[in-house]
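Scroll down for the structure; my scribbles are underneath it.
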Amino acid sequence: MKQLIELKVNEESYETAVDPHRTLLEALRENLGMTGSKEGCDLGACGACTVIIDGKAVLACLTLAMDAQGKDITTIEGVAKERKLSPLQQNFVDYGAIQCGYCTPGMIMSAKALLDENPKPTEAEIKRGISGNLCRCTGYTKIIEAIAVRAK
Amino acid sequence: MEKYSVIGKRLPRLDGVAKVTGDARYTGDIILPRMLHGKILRSKVPHAFILNIDTSKAEKLAGVKAVVTGKDITDVPHGFVRADPVPAFFSDKFSLAKKKVRYVGDEIAAVAAVDEDTAIEALDLIKVEYEELPAYFSPKESMSPGAVRIHDHAENNVSVVISFHIGDVEQGFAESDIVIEDTFGTQFILAAAIEPHAAVADFSQAGDVTLWLSTQVPFYDQTIIAETIGMPVSKVRVIKPHLGGGFGGKTETPTLFPISALLSKKSGRPVRIIYTREEVLATTTHRHGVSVKHKIGLKKDGTIIAVDSRFFADGGAYTGPSLLSMFIMGCLQNGPYKMRHFKYEGIRAYTNRPYAGGIRGHGAIQPRFVVESMMDMIAEKLDMDPLEIRKKNAVKAGDVTPSKFRIKSCGHVEAIDKATEEINWKDKWRKLPDGKGVGMASLFFASGAGFSFFFNNVPYHSGVNINAEAEGSFTIFTGTSDIGQGSETVLAQIVAEELGVGLDKIRVIASDTATTPLDLGSYSSRVTTFAGNAAKTAAYNMKKKLFEATADLLEANKDDLEAKNDRIYVKGSPEKGITISQAINAYIKDKQDALVSEGHYNPPADVGGEMRLDLGEVNISPTFSFGTHAVEVDIDKETGVVKVQKIAAAHDCGFALNPMAVEGQIEGSIQMTYGQALLEEYRIEKGCSMSNSFLDYKMPTSEDMPYVKPIIVESIDPEGPFGAKEASEGTNVATIPAIANAIYDAVGVRMKDLPITPEKVLRALEKKGGK
Amino acid sequence: MRLPKFEYLEAKNVKDITSLLKKNKEAVIVAGGTDILPKMKQRIVTPKFVINVTKIEDLKKIEFGEKKGLALGSLVTLDAVSKSKPVVEKFTALAQASGRVASSQIRNMGTIGGNISIESMCMYYNQSHEWRKGRPHLCFKLGGDRCFVAKGSKECLALFQADTPPALIALGAKVTIVDGTGKEKVIDIEKFYTQKSKKVNILKATDFVKQIQIPTPPKGTGSCYLKMAQREAIDYPVAGAAACVTVSGGKCKNARIAVTAIGGGPLRLKNAEEILIGNTITDELIEKAADAAYEKVRPMPHFNISVWYKRKLIRVLVKRSIKQACNKAV
């Protein structure tokens, strides 16, 4: 049976009814219409659904929507403020860190969580920080560059 | 002053902002009012006749709105290579099985329901009665005498045979001073785009359908959907939204496209289907694994005289694009080295397993691994530097290969020099301590398929239309599919350059069969050459019209005008001119007509023509790319682990329209070949897919990838737009043999079977002993 | 892939877990969710009830005192374990093991209690409902009558692949388990494992892991965990080895060595330890210990990795982990 829950996403509260077996990813995409977070593998092995909960990058496809109540959820839709790209997003654009763009939201969320916790990561730390996000287009080179520039 | 203002620049892609904010909408993100969710029931047996499908219980389940089976589609099977004179039996796939299933995963029925949970539940209620047939999981089994035919037309279950002989290899080997022969094997790998295949279909009451599809080829899909459902092509509209990667995996129309349309037709509501990752991995195109026998004869000085190669592929249950795969594996051996005599035989067998087709580097990856390994083996025998033997045999601009490929530009030697310099080859080759080594290999690829193998008759291969807006901006209409490579940005750059305006003045509307002109699609690395030329022509035609409209106003001859910096002016006197906006308005006022232009591209007459795949003498492409990869490796001799320290990848792309994009193509494509060299393998056991998740299918992560140094080589091609040729599929073709050659330099073992796992290296080291 | 339907319950405190587990048959605990939710999506596990325990703050504490040693609440995330200062400094092998699990997201979600309780894995077991429909027989682990890993095997041959257990064994950890009556018992982590692939740990349906304790190692102790996986991230080990060595005056006072991904549980290699203990640490001695490890392990074949290779790998990893542990011990 559906239950009414309140999700705090990108500093706004949303009330929505979900079945208990809904994941946060399904709730975001289907209930709230926030389709920026992607489903790539269903099983937690690609990182396309990465969101930030209470400061940590986590997989929305392996998080129960019920469990996300009362937590601070940031999705890709909440990274640009007042329609202005964050410097990290701008670097992704400027340094060619995007190709097909499907991994990009998850990649940016992982990078953002990394930089929020460690503003000056080494290259190895950057690689470690995004190694849960698979990309088939870029070989990661320009993604790492875009994050490294931000970290300078 | 710089020659160009917009091309040749490291410009960010047009859709960058949409993609970093989550705004970019992919097929699976589309939600339509009253939309249903579709699921496909797949065969659970590898080979069987279908005796009966009972869908009654599923139809009665609350929330189920439509159930379809093979009865609901026409008797027209689909195929990818189907233009005359290709026999019809190469089109052998039904979107929903008619009589027979041929692998575990074959589509049997589909359901549309109010939500996914209900659709999944409904699948379990469909009962299928099979009459099982003997199933064959290897060519050895399927081609053995007495085996049941998987397809009626295929005797001995031979799916494709391509064989040609140019010159006389026997004579060539007799003339050779040295002949070497060896066998190699490659594995199946997957395209593995991160976006799963998806479709949204919306059938109207009036009888036409609009589909949003994750596709590389909207115009092919349009035809296949129309044929499968039995409706005019004009009533099928295919739109490609943002696409989350293709790599060949979205080139052959996946069955969910027609099925979604069918479910929408039957239910009267929009239907969305998104494949699970498991469905993507087990039922969409993967790269052929092959076993190869290869023989090369040479003179003592290293000159290649004759090449004889036999490729044998386990094809799986259907043909897909494999007629091309098997052909290309042969003919792409026609470069980058000269040879006088050339014989090739490519045999593909049907088996009861998921089927193989074309993946990035289509038909080039397998032979290049073989040939470039052989080149190093030869060099060693002749005590030559691997770099020298390649240079010695390199084809040059102006050459015509045995297969009649016309080499119009060639940066191969420059690529060899630059890639090897980057890793300091001279000081390292044969000079590094035990366990460390360097290796190199070259590549060769087509800039687009020069013949239309899908449609019998096409007005053009790529068309681009441009509309001028009075404000001084332009809208490009193109049927090309930007699959992530950035083709829309590059087309916009070409048009902006030609019209002398900034990139901000260009908008691109793409990939909609109803509104954009025909383009054959994003495959065979064709977009830059084909659509790029069409865009350049369209822009040129637009400029001509603007010059004509402006000449009187500027009291100048139209031939003396120039378009630059958003203005049109008299050459040499920029002050004597008007803005583009004024020019457009002048045209509209004068002609009382909209200002539009068109550009079309067809390959030149010396390309394509009738597809004589049997003779092996077809110039397959307007022009060809070259390149060299040089790598440095460290081998852990105790564990067999190969650590690639650096890959220097030099690619002759003719001219880099957008160097940042070219680098991105090089770096990204190498993720796939690095993976194929050392990690990735799609595994099947008795017809059952065993690599069903991204945990089991191991593509490289950011922590796995070595440092890749992209090097752009520009040979300024006479055929390509502004001299550009492909920088997409060819960019990774040399990685695998370069790694294998480096392993040999490091520890003296020759790895001939992919992937080169630590276990295989360790076994080879133990076998070799010593050192 | 969608989760199956279930009823959702939330435990507010430790007592709640016991009472909810007792009241609701066929319940599973969800903490990090990174292991159980994929299995539920694949319908390997289809519980009637899901008990969310993530709101219990008491179980998220890392406590350390020189005398008391380290106490990790079972809900401490792997990320927190790997970055905790006392863990990095004094329990290095554990920091390394938890820091190498899967990916940063999985480490941010997955818990130490979950990681030690991970079931064995197998390419014939960790597959979806759809996949299994094409197979006429079920394997032992799914309640069937055969094993597909080795034809004719009388028992399940799924592989235990968790990273942290060998490190915890090497460090001499103990596990606090709460049983169905609410009673706590503390056991050596070695005893936590059954060495049976079908069910790798001793936890009963109403049991749960509350805490993991590790005594502070004596002066001169170093530890190390080395993992070899096919990929650097998003992967389980092909093999992993942990060593904890106490050295005094060049002599090995104590040593504990354990390996993972070789069978139905993490394996302690006492025969290798015995070679080290009481002797002067030299390269030759370490080689001998590695040889002993090689002799002892009889790994299961696993995916496309042979027994032959795994034994070789174990030898190398044991050797290198001892060396690194010794280096840290000085």
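Note that the protein sequences, when read in sequence, are chains A, B and C. To convert, note that position 2 of the first sequence is 2 in the numbering used here; the numbers rise steadily by one, no gaps. To convert, note that position 334 of the second sequence is 334 in the numbering used here; the numbers rise steadily by one, no gaps. To convert, note that position 267 of the third sequence is 267 in the numbering used here; the numbers rise steadily by one, no gaps. The beta-carbon is built from N, C-alpha and C at its ideal position, and this holds for glycine as well. All of these numbers come straight from a predicted model, not from anything done at the bench.
Taking 8 Å as the cut-off, the beta carbon of T50/A is found no closer than this to the beta carbon of A97/A. The DSSP-derived three-state label of H129/C is helix. Here S442/B is near R390/B, since their CB atoms are less than 8 Å apart.
Within chain C, the residues whose beta carbon sits less than 7 Å from that of V104/B are G134, listed in sequence order. I52/A has a beta carbon lying at 8 Å or more from every beta carbon in chain B. Residue-level contact by beta carbon holds for V30/C and chain A, with a gap shorter than 8 Å. Think of a sphere of 8 Å around the beta carbon of R128/A: the chain C residues whose beta carbon falls inside it are S104, A233, in chain order. Around the beta-carbon of P321/B, 16 or more other beta-carbon atoms lie within 10 Å, marking it buried. Taking a C-beta distance under 8 Å as the contact criterion, K536/B and E562/B do not qualify as a contact pair. Under the three-pair Cβ rule at 8 Å, the segment 687-704 of chain B does not count as touching the segment 326-345 of chain B. Sorting D704/B, P721/B, G599/B by C-alpha distance to the C-alpha of A656/B places P721/B at the top. In this structure, DSSP gives Y220/B a helical state, which the three-state scheme calls helix. Annotation for G69/C: the continuous beta strand (DSSP E) segment containing it runs 69-73.
Across the set S462/B, G532/B, F477/B, the C-alpha of G532/B shows the shortest separation from the C-alpha of V490/B. For E132/B, the enclosing beta strand (DSSP E) stretches over residues 127-132. Nearest Cα to G268/B within the set P33/B, P758/B, A727/B: P33/B.
At a cut-off of 4 residues, not a single continuous stretch assigned as alpha helix (DSSP H) sits fully inside the segment 336-361 of chain B.
In the structure shown, K293/B adopts extended strand secondary structure according to DSSP, grouped into three states.
Counting along the chain, no beta strand (DSSP E) covers H412/B; the unbroken alpha helix (DSSP H) around it starts and ends at 412-422. A direct Cα-to-Cα measurement between L88/A and N156/B gives close to 58 Å. With the criterion set as a beta carbon lying under 9 Å from some beta carbon of chain B, the members of the segment 291-308 of chain C are F303, N304, I305, S306, W308, in sequence order.
Shown here, R146/C sits in a strand according to DSSP, grouped into three states. Contact between G463/B and G479/B holds: CB atoms are separated by about 7 Å, below the 8 Å threshold. Annotation: the segment 203-276 of chain B contains the following complete segments of the beta strand (DSSP E) (minimum length 3 residues), in chain order: 209-213, 236-239, 271-274.
Along the segment 147-171 of chain C, the alpha helix (DSSP H) occurs as fully enclosed runs of 4 or more residues at 164-170, listed in sequence order. Under the three-state reduction of DSSP output, P622/B falls in the coil class, being neither helix nor strand. For V641/B and T757/B, the gap between their C-alpha atoms comes out near 7 Å. Any Cβ of chain B closer than 8 Å to the Cβ of M40/C would place that residue at the interface, and such an atom is absent.
Taking one beta carbon from each stretch, the segment 305-320 of chain B and the segment 340-359 of chain B have 3 or more pairs nearer than 8 Å; the two touch.
Here R507/B carries a strand assignment [DSSP, helix/strand/coil].
S447/B sits away from F173/B, with the two beta carbons spaced by 8 Å or more. With 16 or more other Cβ atoms inside 10 Å of its own Cβ, Y225/C counts as buried.
Counting of Cβ neighbours within 10 angstroms places P659/B among the buried residues, the total reaching 16 or more. Here Y4/B is exposed, its C-beta having fewer than 16 other C-beta atoms within 10 Å. Here M374/B carries a helix assignment [DSSP, helix/strand/coil]. The three-state reading of DSSP puts Y26/B in strand, counting E and B together.
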